[in-house]
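A quick write-up on the structure given underneath.
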Amino acid sequence: MKATIKCLQSNTDEDHIPLERFPVVLGRGGDAGVQVRSESRFQCTIEEVSGQLVVRDLGSRQGTKLNGCTIRESLLMHGDRITIGNASYEICLDQQA
């Protein structure tokens with residue numbers, strides 16, 4: 001499965017970030033797969049499970065929001081929005097790939 005996160009509100013210069021390997025960690029840490037503005041070094045992870053993507057919060061203090069709701073774990077669908085602190089991203093899935 002190919003996926004991209006589209007930066008809606010972020011401090012990055014990139015508009016689209018391809019997700020090439022799973023699992024991928026989002027966080028402020030230099031060793032996070034996708035670096036985002038966050039209080040947490042490791043904010044959340046996106047994993048492929050049985051052909052679907054799952055987002056999991058990694059116990060961050062500020063939490064991870066999916067479509068405006070704080071989540072611990074949830075399936076991702078095309079067009080879903082993940083919010084981490086002041087950064088917001090849209091999930092773009094290409095399930096044909």
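Sequential numbering from 1 applies to the sequence shown in the working numbering.
We put the beta carbon where it would ideally sit given N, CA and C, even for glycine.
Within the same chain, Cβ atoms closer than 8 Å to the Cβ of Ile-5 are found at His-16, Ile-17, Leu-19, Val-34, Ile-82, Tyr-89, Glu-90, Ile-91, Cys-92, the five residues on either side in sequence being excluded. Remark: C-beta atoms of Glu-39 and Phe-22 do not approach each other more closely than 8 Å. In the three-state DSSP reduction, Arg-41 falls in the coil class, being neither helix nor strand.
Bridge partners of Asp-94 according to DSSP: Lys-2.
The three-state secondary structure of Arg-21, taken from DSSP, is coil.
Here Asp-94 has Lys-2 as same chain residues with Cβ atoms under 6 Å from its own Cβ, once five neighbours each way along the sequence are excluded.
DSSP places Ala-87 in the strand class (E or B) of the three-state scheme. About 14 Å separates the CB atoms of Thr-70 and Leu-58; that is not less than 8 Å, and the two are not in contact.
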